[in-house]
Amino acid sequence: MEKKTSFWLDTWIRDKPLCNISPVLFDLCCDKNILVFHFLRRQGQLQFSRWLPPFLFDQWLSLINNIYIHSFENNEDIPLWRWNKNNIFSTSSVYDFLTKEDSRKHFKHIWKAKIPYKIKIFMWLVENNAILTKDNLLKRHWSGDPNCQFFMTNEIIDHLFFQCPVARITWGTIGLCLRANNIPQNIQQYKSWISTWLPGGSSIYTSGCAAVCWAI
Numbered sequence: 506m507e508k509k510t511s512f513w514l515d516t517w518i519r520d521k522p523l524c525n526i527s528p529v530l531f532d533l534c535c536d537k538n539i540l541v542f543h544f545l546r547r548q549g550q551l552q553f554s555r556w557l558p559p560f561l562f563d564q565w566l567s568l569i570n571n572i573y574i575h576s577f578e579n580n581e582d583i584p585l586w587r588w589n590k591n592n593i594f595s596t597s598s599v600y601d602f603l604t605k606e607d608s609r610k611h612f613k614h615i616w617k618a619k620i621p622y623k624i625k626i627f628m629w630l631v632e633n634n635a636i637l638t639k640d641n642l643l644k645r646h647w648s649g650d651p652n653c654q655f656f657m658t659n660e661i662i663d664h665l666f667f668q669c670p671v672a673r674i675t676w677g678t679i680g681l682c683l684r685a686n687n688i689p690q691n692i693q694q695y696k697s698w699i700s701t702w703l704p705g706g707s708s709i710y711t712s713g714c715a716a717v718c719w720a721i
């Protein structure tokens, strides 16, 4: 492999750069400009600015595994245009790509929110169902009681942050301030709920949810 391909920033192993596939790992990595060649020379030993929690560590191991099963050739890198079948650039292919419907899940509302970085990661984990609630701990062979401490039902993310009696009181109090006649039951309902009862307040939608979930 030619010594020019960026590990994080170039599209080389999938259909988009690894910095877009694993944005949190990219943000935490201290070697953002490392080349694929140097990554392989270092046998995948990259430095991160903080300890990776189990969910991110598993994601990192999966990424490394996919890289090492990739077939590398000792040839010069050849840039390819991925937005059409012949791999050659055309303005029409750019237009087609930018105007097609995209149903993939995005998290720009989190990364652009005016909240501390650690809470951005927290909200990203919440929306990916990766917070270590008791149901997720059970998947890691934890042997404790799976029930909520306040209500005899399994502690899952929706219950912890929206359906538990403590959470319902919190959301109910906020609802009273907004003159709402209902409360959200999960993170997706929150997005439509807050836009209904607080129209024009989109700049605080994410930070408001983050503040409540972080406090709970």
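Numbering (our numbering), first residue to last: 506 to 721.
All C-beta atoms, glycine included, are put in the ideal place defined by N, C-alpha and C.
In this structure, what does DSSP give as the bridge partners for residue i?
i	result
S511	L540
C534	F553
N659	N652
Compare the C-beta of residue i against all C-beta atoms of chain C and say whether one is closer than 9 Å.
i	result
T516	Among the chains of the structure shown, chain C does not appear; only one protein chain is present.
Where does residue i sit, in a helix, a strand or coil, going by DSSP?
i	result
C653	coil
N634	coil
L703	coil
N570	helix
F627	helix
I679	helix
V671	helix
P528	helix
P559	helix
R519	coil
K696	helix
In whole angstroms, what is the alpha-carbon distance linking residue i and residue j?
i	j	result
I661	C718	13 Å
F512	I574	16 Å
S576	K590	22 Å
L643	P651	7 Å
I518	I569	11 Å
N686	S567	45 Å
S608	Y710	The predicted model places S608 with a pLDDT of 43, which falls under 50 and marks its position as unreliable; any figure quoted below should be read in that light. Cα to Cα, S608 sits roughly 21 Å from Y710.
F612	I692	13 Å
A618	F627	13 Å
Within 10 Å of its beta-carbon, does residue i have 16 or more other beta-carbons around it, so buried, or fewer, so exposed?
i	result
Q465	Residue coverage of the chain in this structure runs from 506 to 721, which leaves residue 465 outside it and unanswerable.
Q668	buried
I674	exposed
C682	exposed
C535	exposed
V631	buried
S707	exposed
W698	buried
A720	exposed
K625	buried
Y695	buried
W586	exposed
W676	buried
Quick one: give me the first and last residue of the alpha helix (DSSP H) that residue i is part of.
i	result
D640	K639 to K644
H614	K613 to W616
T711	Y710 to A720
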